[in-house]
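Chemist:
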Amino acid sequence: MRELAWKARQRNRSLGVTGMLLYDKGRFFQTLEGPPKSLSVLWQSINEDRRHSHIEILSEHIVPAQLFGGWDLLSYHADEEPFHKVDKIKPQHGLTSQVPALMELVLNGDDLGINAFVASAAEQGWSGDAIITHLIEPTARALGDAWLSDDCSEVDLTIGLSMLQLAGHAVRHAPTPQSLRQRRYSIMLATAPGEPHALGTSLLADLFTDAGWHVDMAFPDSDQALANQLASQKPDALDIGLSDALPRQQKLKLLRQTVERSRFASPDHLTVVSVGGRLFADAAATAESVGADHARKTASGSTIRIAELIRQKRQLPR
Ligand SMILES: Cc1cc2nc3c(=O)[nH]c(=O)nc-3n(C[C@H](O)[C@H](O)[C@H](O)COP(=O)(O)O)c2cc1C
Numbered sequence: 001m002r003e004l005a006w007k008a009r010q011r012n013r014s015l016g017v018t019g020m021l022l023y024d025k026g027r028f029f030q031t032l033e034g035p036p037k038s039l040s041v042l043w044q045s046i047n048e049d050r051r052h053s054h055i056e057i058l059s060e061h062i063v064p065a066q067l068f069g070g071w072d073l074l075s076y077h078a079d080e081e082p083f084h085k086v087d088k089i090k091p092q093h094g095l096t097s098q099v100p101a102l103m104e105l106v107l108n109g110d111d112l113g114i115n116a117f118v119a120s121a122a123e124q125g126w127s128g129d130a131i132i133t134h135l136i137e138p139t140a141r142a143l144g145d146a147w148l149s150d151d152c153s154e155v156d157l158t159i160g161l162s163m164l165q166l167a168g169h170a171v172r173h174a175p176t177p178q179s180l181r182q183r184r185y186s187i188m189l190a191t192a193p194g195e196p197h198a199l200g201t202s203l204l205a206d207l208f209t210d211a212g213w214h215v216d217m218a219f220p221d222s223d224q225a226l227a228n229q230l231a232s233q234k235p236d237a238l239d240i241g242l243s244d245a246l247p248r249q250q251k252l253k254l255l256r257q258t259v260e261r262s263r264f265a266s267p268d269h270l271t272v273v274s275v276g277g278r279l280f281a282d283a284a285a286t287a288e289s290v291g292a293d294h295a296r297k298t299a300s301g302s303t304i305r306i307a308e309l310i311r312q313k314r315q316l317p318r
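In the UniProt record's numbering, the protein residues as written are 1 to 318.
And the structure:
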C-alpha cells in the first residue's frame, strides 16, 4: 500500500492530477481530478492493475475547481497509521451543531436567512473567527459533500458558496449584528428599449424581491425614456435585458449606447449596470463589450453578484 501510494503520488504530480485514496478491509475508494487527458491515461493504468478488481465508477463530472488541489494523492489506510496524517476528529464546537440548520438555508438559496442566522450567532456572543471556523467553513464542506453525493447541483454549490462567502465577509468586516441585517439595495429592471421579450427581467423581479431589494420595473421604448425613469428613481443598480430567446447580435451597439446614457442620467447613484439576454448566456458577448459592469449568464445568483459589485465599487465594508 505504501509503495502503491508513493508511486501513484509521483505519477499524479507529473500529470497534474490530484485526489484521494482510501483503503479499508480490502476495499478502495478513490477520487481523482485533473485535466481530462491525464485522467484518461491514468484511468487506463488503474483499470488494468491486477491488484484490484470489480472497479466501479460512481460518478464522473466536470468540476469548477480541484477539491484536493494540495494533494497529489491524499491517502488513508484505516488498518494502519495514515500515510499522510489526516485530521483527527475534533470534539464538537458549540456552533457546529448549527451547521445543518445553516445548510438548509444555503440549499434553499435564502441569502437573507443566512445573514440573519449568522447575525444571530454574533448576537449570541460568538466571535467572527469562531463563526467562520465552526459554522461557515463546516457548512461549506457539508455543501461540498452534498454535491459529491449528487444531493445538490453544481449551480446550488456555486451559489451556496458565494452566499457563505458573503456571510463570512460580513462577520469579519462588519461585526455588528445590525449591519448584517441592513443590507438593502434598489435596482431598476428594464428591458432594452424596444425589446418585447421580458422573460429574464421578470425572473429577476421575483429573485430581487425575494431577496429584499427595492425593485422598480421599466419597459422603455427609448434610451431617453429609460434615462428619465433613472433620473427620477435613482436606483443603486440597473439591469437591462435583451431577449432570452433570440440572439440580438445587431443590438449590441445600441445596448452599449443605452448603458452609456443610463450612467449619464444618474451619475451620483447608479453604481452597477448589469446586462442579460441570450447573447450573454451563450457567452457570445461580454459585459465589457457593451460597457456594463456585469453580464448575467443565468438569473440565479444575480442578487448576490450585483450586491457584491455595489459594495466593491462603493468600497463599502462587507
Ligand atoms: C486502487 C488503486 C489506485 C491507484 N491509483 C493510482 C493513482 O492515483 N495514480 C497512479 O499513478 N497510479 C495509481 N495506481 C497504480 C496504477 O494502477 C499503476 O500501477 C501505475 O499507475 C503504473 O502504471 P503502468 O503500469 O501503466 O505504468 C493505483 C492502483 C490501485 C490498485
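Yeah, the Cβ is synthetic: ideal placement off N, Cα and C, and Gly gets one too.
Quick check: what's the CA-CA separation for Ala218 versus His197?
Modeler: The count along the sequence shown starts at 1 and reaches residue 218 at position 218. The count along the sequence shown starts at 1 and reaches residue 197 at position 197. Straight-line Cα distance between these residues: approximately 13 Å.
Chemist: What is the residue span of the beta strand (DSSP E) that Gly276 lies within?
Modeler: The sequence position of residue 276 within the sequence shown is 276, counting from 1. Gly276 -> beta strand (DSSP E) spans 272-276.
Chemist: If you follow the alpha helix (DSSP H) that Ile114 is in, where does it begin and where does it stop?
Modeler: Taking the first residue of the sequence shown as position 1, residue 114 is located at position 114. Here the alpha helix (DSSP H) through Ile114 covers 111-123.
Chemist: Report the option in Glu60, Thr96, Leu279, Thr258 whose CA atom is closest to the CA atom of Gln249.
Modeler: Numbered from 1 along the sequence shown, position 249 holds the residue referred to as residue 249. Selected option, being the one with the closest Cα: Leu279.
Chemist: By the three-class DSSP mapping on this structure, what secondary structure does Val215 have?
Modeler: Here residue 215 refers to the residue found at position 215 when the sequence shown is read from its first residue. Three-state DSSP puts Val215 in a strand.
Chemist: Quick one: does the C-beta of Ser97 sit closer than 7 Å to a heavy atom of ligand 1?
Modeler: Working through the sequence shown from its first residue, we reach residue 97 at position 97. No; taking the cut-off as 7 Å, the Cβ of Ser97 has no heavy atom of ligand 1 nearer than that.
Chemist: By Cβ distance below 7 Å, which residues in the same chain neighbour Leu32 in space, the five residues on each side in sequence not counted?
Modeler: By 1-based counting over the sequence shown, the position of residue 32 is 32. Only Val17, Gly19, Leu39, Leu42 meet the Cβ criterion.
Chemist: So, does the stretch 48-58 touch the stretch 98-118, judging by three or more C-beta pairs under 8 Å?
Modeler: No, because fewer than three Cβ pairs between the stretch 48-58 and the stretch 98-118 fall closer than 8 Å, the two stretches do not touch.
Chemist: Could you check what DSSP says for residue 401 in three-state terms: helix, strand or coil?
Modeler: This structure does not reach residue 401, given that the chain is present from 1 up to 318, and the question cannot be answered.
Chemist: Pull the bridge partners of Glu104 from the DSSP assignment, please.
Modeler: Mapped onto the sequence shown, residue 104 falls at position 104. DSSP output for Glu104 lists no bridge partner at all.
Chemist: Just the Cα atoms here: how many angstroms apart are Arg311 and Arg184?
Modeler: As a first step, residue 311 is located in the sequence shown; it is residue number 311 there, counting from the start. As a first step, residue 184 is located in the sequence shown; it is residue number 184 there, counting from the start. The alpha-carbon atoms of Arg311 and Arg184 are separated by roughly 11 Å.
Chemist: Comparing alpha-carbon positions, which option in Leu226, His214, Gln233, Ala227 lies nearest Ala307?
Modeler: Locating residue 307 in the sequence shown gives position 307, counting from the first residue. Out of Leu226, His214, Gln233, Ala227, His214 has the C-alpha closest to the C-alpha of Ala307.
Chemist: As a quick exercise: from Val171, Asn108, Gly109, pick the residue whose alpha carbon is nearest that of Gly125.
Modeler: Position 125 of the sequence shown, counted from the first residue, corresponds to residue 125. Nearest option by C-alpha distance: Val171.
Chemist: On the three-state DSSP scale, how would you describe Ala5?
Modeler: Residue numbering aside, residue 5 sits at position 5 when the sequence shown is read from its first letter. Reduced to three states, the DSSP call for Ala5 is helix.
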